[in-house]
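Reading through the C-alpha cells given below for one structure.
Residue numbers (this note's numbering): 162 to 812.
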C-alpha cells in the first residue's frame, strides 16, 4: 500500500540485504547488490543470510512507474532459497536521494517459507540413451527457475537456462510450468507444460535430433570459451571450474571445448593447464585448457588464440606481465612449440560502413581483432623442427559481424595466402547465451582427439557454422577440402565440378526480430538471416576469389541434400561454399598452369594500405626493446604486398 502524498511518478524499488546475489563480479547483479555491495567494502555477507530474491511486479495491468495518485497498491514478488522460518529486511525507495531515510522505509518481516519439491528430470537422447540437456523453466508468470540471483556454478546466473543430466533435478514449488529444452543447434527445441503437485515427481524429456555430423566423421568444437572473466563471477571463486564448463559443453552437444585462460583471473586459472585434455573429459566430449592473449602482452594489436600449447606461459616469468607486445613475437614462440594459432574475434577494429563483401574500404585497424594479422600473415616463422611454417594458421569467425571478418580473409586469400577459417563464440564475453554458438566442424579419419582436431583446423579440413546449417564433403572435381593441401591442378582454364552434401534447418515461420536486424547487431551469424523472403529456403553460393559465381536455393527443412555446380575457372583461384551468414567452408585452391593465386590487384592494394593504417594505430603499444623488430616485420609486409601487387594480373 503506497501513500504517495508527493505525487511521485518514479519507479518504486524494493531492495533487501537478504536479496544480494550469492556471487560478486560478472554481469549478473540485483538492485540490492547495487545499494548494499559498495565497492571496496571488505566485509562479506554471510551466505546463509542471502536467502531472498525479490522483484516488483510491473506487467499489465500495472506499469513500472508509480501513477502519482495519493494511494495505490503494488505487488512485490518474493522467492526463498530456503524452507522454514526466515526473517527478511525489505527497504523501499523511489530513486536518488530516497534510499537514505533510515528506518522510515525499512520493514522487518518474518516469513514461513514452504518447501519446494524435487522434480527429477528423465533425459533421453534420440537413441533412448541418458544424456545432458539444456532447460529453461518458467512459471505461469514467466519467472525463471531456479532464481538467477541464487545460482552458483554449474548454473550460471547470466543466462536463463540450466543444464541437467538424466536423473538430476530442480526444486520447484507446486504449480504450472513451461519448460523449454534442447541440446544445442543439432537438436530441435521443444516445450513441455507440466503441473507439479506438492509431491516428488519425475518429468520425462525425449530429445529430437535433426542432424548428426559426427556420424560422418565431422566433429564439432568451439575454440574460444572461458571459465573466468566477463560474465563469470570473481567470488566465491575466481571464475568457474572444469566440471562446470564441461557440463555446458555436453548440454550443447559440443564435442571439443577449448577453455582459454586469459587476463582476468589469469594467476588463478593458470593452474588448470596441463597440455592434455582435462580429466573431466569423457569421450567424445573433450575439454582442453589453452590460452588467449587478451588483457596482457600483445593484446592491443589483436587478441590471439593459442591452441595445442605444450608450455602455457611465455619464457621469462610465471604470469602475464612479461609477454611480448608485438603479436608476431608471441606467434614465433607459440609456433616453435607446435601450437595452432590465429586472431580472435577477427572483426573488431575492421569496421566498414557497408554490407558489400568484399569491399575495398580500408578499416580503422583500431581494435582487438585480426588487426596485426595483416602483417603477420605475410611471415613464416620457425616450426618445432626449425623449418619455416605459416605464422598464422586460422582466422576466427562467427562471433563478429560477417562482413568485417570475412572481408580481410577474402583479401588475403586473393593475394595467395592460405589462412583457414575456424568458428568461435568467445563465451561468455561476446556471447553469454551458450557455448558453441560459433563452431568448427572438423573432418577426422580416426578417433576424435584434441591434437588431430586442432591439426584439422590448421589444414582447413573444417567448415565454420552456427550449427544450424552444414556443408559436408566439399569437393572440386576430385580435390577434397583439407586433404593434400586442398589443391586441384588444371593444365589450362576450364570448368570444374563443385559438390557437397548440404543441410540447414529453419523454423517454418520467419523470426523478423533477427531477420531484419542490421548485420552488425547480434546475433551476427544465424541461419534466420539467410532466409529468402518469407520462404523456408536459403541460398547456397559458390565463392570464387571472394565473389559469388553460382547459387542454388535449398529448402531448410533439416534434410541432407546433394548439391552440385559447374563453375568456369579462368585463372588460379580459391573456391569455397557458403550459406551466409550461417556457414562457410574453407577454400580449395584451383591452380591453373601451376601458377599461384594472384586474383586481385585491388586486394593487394587494400592489404598494402592496411599495413600502414595498422602501424599508425599500433606502434604506440610496442615496447622499446621490440620496436626495431616491429619496424622490420611491418616493412617485410609492405614489401611482400608490393611484390604481390606487381604479380597480380586481374584488377
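Just so you know, even glycine gets a beta-carbon here, dropped at the ideal spot from N, CA and C.
For the beta strand (DSSP E) containing residue i, name the first residue and the last one.
i, result
"residue 230", "Unbroken run through residue 230: none, as it is neither H nor E."
"residue 197", "Looking at the DSSP string, residue 197 is not in any beta strand (DSSP E); the run it does join, the alpha helix (DSSP H), is 192 to 197."
"residue 294", "293 to 300"
"residue 704", "698 to 705"
"residue 675", "Run containing residue 675: none in the beta strand (DSSP E); it sits in the alpha helix (DSSP H), 673 to 676."
"residue 324", "323 to 326"
"residue 632", "630 to 637"
"residue 354", "351 to 357"
"residue 174", "174 to 176"
"residue 711", "708 to 716"
"residue 449", "447 to 454"
"residue 344", "First-last for residue 344: undefined, no H or E at that position."
If you follow the alpha helix (DSSP H) that residue i is part of, which residue opens it and which one closes it?
i, result
"residue 535", "534 to 537"
"residue 497", "488 to 497"
"residue 617", "611 to 619"
Once DSSP output is grouped into helix, strand and coil, what is the label at residue i?
i, result
"residue 515", "coil"
"residue 409", "helix"
"residue 404", "helix"
"residue 737", "strand"
"residue 422", "strand"
"residue 625", "strand"
"residue 384", "strand"
"residue 483", "coil"
"residue 433", "helix"
"residue 573", "helix"
"residue 688", "helix"
"residue 266", "helix"
"residue 651", "strand"
"residue 250", "strand"
"residue 723", "strand"
"residue 427", "helix"
"residue 460", "helix"
"residue 543", "strand"
"residue 290", "coil"
"residue 808", "helix"
"residue 162", "coil"
"residue 379", "strand"
"residue 311", "helix"
Are the CB atoms of residue i and residue j nearer to each other than 9 angstroms?
i, j, result
"residue 163", "residue 232", "yes"
"residue 636", "residue 664", "no"
"residue 216", "residue 237", "yes"
"residue 730", "residue 651", "yes"
"residue 382", "residue 417", "yes"
"residue 620", "residue 644", "yes"
"residue 535", "residue 809", "no"
"residue 579", "residue 750", "yes"
"residue 498", "residue 470", "yes"
"residue 300", "residue 307", "no"
"residue 172", "residue 223", "no"
"residue 503", "residue 557", "yes"
"residue 630", "residue 566", "no"
"residue 489", "residue 542", "yes"
"residue 415", "residue 596", "yes"
"residue 598", "residue 639", "no"
"residue 454", "residue 407", "no"
"residue 614", "residue 603", "yes"
Alpha carbon to alpha carbon, how far is residue j from residue i? Give it in angstroms, no decimals.
i, j, result
"residue 752", "residue 189", "53 angstroms"
"residue 423", "residue 465", "10 angstroms"
"residue 710", "residue 702", "7 angstroms"
"residue 797", "residue 659", "37 angstroms"
"residue 607", "residue 375", "12 angstroms"
"residue 593", "residue 739", "26 angstroms"
"residue 519", "residue 748", "16 angstroms"
"residue 642", "residue 343", "31 angstroms"
"residue 244", "residue 412", "30 angstroms"
"residue 575", "residue 325", "47 angstroms"
"residue 765", "residue 389", "40 angstroms"
"residue 214", "residue 181", "8 angstroms"
"residue 532", "residue 778", "10 angstroms"
"residue 706", "residue 384", "27 angstroms"
"residue 433", "residue 450", "7 angstroms"
"residue 268", "residue 178", "12 angstroms"
Taking 8 angstroms as the line, does the beta carbon of residue i fall inside it for any heavy atom of the ligand PLP?
i, result
"residue 655", "As for the ligand PLP, it is missing from this structure, which has no ligand bound."
Quick check for students: name the residue ranges of the alpha helix (DSSP H) that lie wholly in the stretch 738 to 801, counting only runs of 4 or more.
762 to 779
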